[in-house]
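Residue numbers (the numbering used here): 281 to 399. All C-beta atoms in this analysis are idealised placements derived from N, C-alpha and C, irrespective of residue type, glycine included. Please read these numbers as outputs of a predicted model, since none were measured by experiment. First comes the structure, then the notes that go with it.
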């Protein structure tokens, strides 16, 4: 089992190196400008924070079965995804909405990740 975890770690490491090398190449060749990168990293950070917040939300719902608390936390989760778009519309010279859309692409993959809960 430890060998499997090491392979998974190396897979993540290699993919991370490839992503950063592609981004660095696009920056050097001047194919990508600064607002696109800011939007991309803002989208990725909101995507990951939404993912971890979703894990917290599931644990909170399983521990306290309160539908009103769940509804409030769900509305807050929607705010995590909407705030980057509001920032991009108000600060168009600094943040690109297209970069945010590409950064938030991971949100569409969240339903396919298996969630392990202790019952």
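In the DSSP assignment, find the unbroken alpha helix (DSSP H) run with residue i in it and report its ends.
{"i": "residue 400", "result": "What is shown of the chain runs 281 to 399, which leaves residue 400 out entirely."}
{"i": "residue 327", "result": "314–343"}
{"i": "residue 262", "result": "The first residue shown for the chain is 281 and the last is 399, placing residue 262 beyond what the model contains."}
If you measure between the beta carbons of residue i and residue j, is that distance less than 8 Å?
{"i": "residue 318", "j": "residue 374", "result": "yes"}
{"i": "residue 380", "j": "residue 323", "result": "yes"}
{"i": "residue 357", "j": "residue 385", "result": "no"}
{"i": "residue 314", "j": "residue 383", "result": "no"}
{"i": "residue 387", "j": "residue 325", "result": "no"}
Buried or exposed, going by whether 16 or more other CB atoms sit within 10 Å of the CB of residue i?
{"i": "residue 370", "result": "exposed"}
{"i": "residue 301", "result": "exposed"}
{"i": "residue 347", "result": "exposed"}
{"i": "residue 329", "result": "exposed"}
Less than 6 Å between C-beta atoms, sequence neighbours within five positions excluded: which residues of the same chain meet that for residue i?
{"i": "residue 377", "result": "368"}
{"i": "residue 399", "result": "With a pLDDT of 49 at residue 399, under the threshold of 50, the modelled position of that residue is not reliable, and the figure given next carries that caveat. Around residue 399: no qualifying Cβ."}
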